[in-house]
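In full-length UniProt numbering, the protein residues as written are 1 to 609.
Listed below in C-alpha cells is the structure:
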C-alpha cells in the first residue's frame with residue numbers, strides 16, 4: 001500500500017506528480033496521505049509550481065499559488081478574460097468633478113500606470129495611475145476595496161499632466177500609506193505619501209534640477225534610487241531622503257550623447273546598479289541604440305561607457321529611423337538577474353536581448369497583421385508578454401516559449417473519466433496538440449462617449465447612445481505580480497482591467513478573492529471585446545485570420561451549441577468564432593487623437609515616430 005511507505009518517500013512521490021489535480025486526488029485516498037499533503041504545503045506543492053512556473057521562487061501559501069497559476073494558465077490558453085473599466089464608483093466621480101474646464105475636454109491624457117501585489121500581511125493589491133493632473137489609487141483586499149483620488153491645484157491643465165508614475169513597494173516604503181514618485185509635463189518631479197487617517201496626502205519632497213527631463217526610472221532596491229535622464233546625462237537621487245528638496249548625489253554623462261543629437265526615450269533598471277536605456281536619434285537615418293550602463297562603474301574621460309550596446313541595422317534604402325519605446329526586464333531564473341530583457345520598437349517588432357552575448361538580440365517577435373508601433377510592454381514570467389500598439393486599440397500577446405515546450409498545460413489536468421463523459425465535440429478539444437495554438441491580438445475597442453469630458457467614466461456596455469468605439473493607442477501596461485490574473489491597460493483617458501479567468505470558474509465562484517466584485521458586476525460592467533489569432537511564422541498565407549467576438553454575459557445561456565463549438569476549438573465559451581477574413585485598416589487611422597498628441601511616456605504633444 002502506498003500509505004505504508006515512509007513519509008520521506010511519500011513526499012518524493014508527491015513532488016513528482018504532474019498536476020495539482022493529481023496531488024489533490026492522492027490526498028483524498030486516505031487520511032494519512034491527506035495529512036502528509038496538508039502538513040507541509042511547500043514540500044507538497046512547491047516542486048510542482050517551480051517545475052511548471054519556474055519564475056516563482058517564493059510564495060506565502062504554495063497550494064493557493066499552485067491553484068491560481070494553473071487557473072490563470074488555463075484561462076490564457078483558452079483566451080478567457082473579463083474586461084472592465086478600472087475607475088472609482090459613479091458616486092465618487094460626481095463628487096470630484098469640480099475644476100473641469102471646457103478647454104480640457106479637447107485634449108486627452110495617457111494614463112501613467114503602476115501596480116503591485118503584497119502578501120506579507122494578507123493579500124493586498126494596489127494600482128495607481130495619473131489621470132491628467134490627478135492621481136487615482138485603488139487598494140483591494142479580499143473583503144474590501146478602497147479608492148482615493150489625489151487632487152492638485154490646476155490639475156485640469158494639460159501642462160500639469162502626469163507623464164510617469166512609480167509606486168514604491170512595501171520593502172522600500174516603511175510608511176502605512178502609499179508613496180509615489182511622479183513626473184509632470186512641466187518637468188516637476190516629486191514624491192507624495194498618502195495618509196491612512198483621512199483622505200489626502202502630504203507633499204513629501206521635490207527633486208531639484210529637473211528642467212528638460214526626458215524620462216525617469218526608480219530602482220527596486222531596498223533603498224530606491226531615482227534616475228532622471230536629461231540631455232545626455234543621468235542624474236541619480238536618493239528617494240528616501242528626508243528633505244523637502246532633494247539634490248542629485250551623482251551625475252553621469254553618457255558617452256554616446258556627446259556626438260549625436262538625440263533624446264532618451266525610455267529606461268529600465270535591470271538590477272540595483274545596471275540600467276538599460278533607449279535612445280532616439282533626431283537626425284540622420286540610423287536607428288537608435290539600446291545600451292546598458294553600470295551606474296557604479298568609474299567614468300572614462302568624464303563619460304560613462306556602456307557595458308552592453310546594440311543597434312538594429314537600418315533597412316536598405318529606408319529613410320525612416322526607428323528606436324525602442326519600451327523596455328521590460330524578464331524575471332530572473334537560476335540567478336540570471338538583469339541579463340534578459342525585452343524591447344518594443346517603433347518599427348512594430350519586439351526583441352529579446354541577452355547581455356551575456358554580443359548579439360544585438362536573441363529572438364525577434366513580429367506581428368504580420370498589425371505593424372503598429374509598440375508603446376509599452378508587460379512580461380508574465382518566462383511564458384509570454386504583452387505589447388501595446390499605437391493604433392486600433394490593439395493589445396498583442398506573444399509566447400516566449402518554443403513550440404511544444406510548455407512546462408504546463410491544463411489539458412494534462414483533465415481526468416480520464418471526465419473526458420469519457422464528454423460529447424464528441426468536447427473530446428476534440430483534448431486531441432489538439434499544444435503547439436497548434438497561435439498567439440492572438442485583442443482589440444480594446446471599448447465604447448466611449450462621443451464628446452467625453454476628462455474624468456468621465458466609460459459608458460456601460462449596454463449604453464450605446466452617443467458612444468463610439470475606441471481605436472487609438474494602448475499607452476501603458478501593468479501586472480501587479482507574477483501570480484496575478486490581472487492586467488491593467490491604459491488607453492486614452494481610461495484604464496481597462498483585464499482579468500484572465502474562465503467563464504465556468506466565474507459561474508462556479510472559483511475565482512481569485514481579489515476579484516470578488518466580479519460576481520456582482522459581470523452582468524452590467526463587463527465589456528464585449530474582439531480578437532483574432534495571428535498567423536504562425538512561415539504560414540502567413542495559409543493560416544486563416546478569424547475575427548472573433550465575446551458574447552455579452554446575459555447572452556450565454558441562450559447560445560446553446562455555439563458554446564460547444566467554442567470550447568471544441570480551444571476557446572472560452574464566451575467567444576463566438578467569426579468568419580475567415582482579415583482585419584482591414586491602414587496604419588495610423590482611427591480615433592487616436594492621442595496618437596497625434598501623445599508620445600507615451602515622453603510627452604503629450606509630438607509624434608511617437
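Glycine residues also receive a C-beta, built at the ideal position from the N, C-alpha and C atoms.
Asked                                                                                                                  : Found
DSSP state of residue 524 mapped onto helix, strand, coil                                                              : coil
Residues bridged to residue 575 (per DSSP)                                                                             : 550
With 16 other Cβ atoms within 10 Å as the buried cut-off, status of residue 113                                        : buried
Residues that DSSP places opposite residue 344 in a beta bridge                                                        : 326, 350
Burial state of residue 372, where buried means 16 or more other Cβ atoms lie within 10 Å                              : buried
Where residue 63 falls: helix, strand or coil (DSSP)                                                                   : helix
Assigned secondary structure, residue 591 (DSSP; H/G/I helix, E/B strand, else coil)                                   : Any reading at residue 591 needs caution, since the residue's pLDDT is 41, under 50, leaving its predicted position unreliable; the model's value is listed next. Coil.
Beta-carbon gap between residue 618 and residue 295 smaller than 9 Å                                                   : Residue 618 is absent from the structure shown; the chain starts at 1 and stops at 609.
Residue from 298, 7, 395 with nearest C-alpha to residue 37                                                            : 7
Sequence-distant residues of its chain with Cβ nearer than 8 Å to residue 542 (five each side left out)                : 535
Assigned exposure category for residue 537 - 16 Cβ within 10 Å defines buried                                          : exposed
Residue 203 in three-state terms, based on DSSP                                                                        : strand
Distance CB(residue 647)-CB(residue 469) smaller than 9 Å                                                              : With the chain running from 1 to 609 in the structure shown, residue 647 is simply not present.
First through last residue of the alpha helix (DSSP H) which encompasses residue 15                                    : 7 to 15
Where residue 57 sits in the DSSP three-state scheme                                                                   : coil
Simplified DSSP state of residue 542, which is helix, strand or coil                                                   : coil
Buried or exposed (CB count within 10 angstroms, at least 16 for buried), residue 554                                  : exposed
Close-in-space but distant-in-sequence residues of the same chain around residue 66 (CB under 7 Å, 5 per side omitted) : 20, 45, 48, 49
For residue 610, the three-state DSSP class (helix, strand or coil)                                                    : Because the chain spans 1 through 609 in this model, residue 610 falls outside it and cannot be assessed.
Inter-stretch contact (C-beta, 8 Å, three-pair minimum) for the region 149 to 165 and the region 116 to 123            : no
Contact the region 340 to 350 vs the region 452 to 461: 3+ CB pairs below 8 Å                                          : no
Residue 482 beta carbon less than 9 Å from that of residue 331                                                         : yes
Cβ neighbour criterion (16 or more within 10 Å) applied to residue 376                                                 : buried
Exposed unless 16 or more other CB atoms sit within 10 angstroms - verdict on residue 284                              : exposed
Inter-stretch contact at 8 Å, needing at least 3 Cβ pairs: the region 238 to 250 / the region 305 to 314               : no
Rounded separation between residue 574 and residue 357 - CA only                                                       : 45 Å
Own chain, CB closer than 8 Å to residue 502, minus 5 neighbours either side, in chain order                           : 71, 74, 75, 78, 80, 572
Alpha-carbon to alpha-carbon, residue 173 and residue 401                                                              : 35 Å
Residue 475 versus 275, 467, 388, 522, residue with shortest Cα-Cα distance                                            : 388
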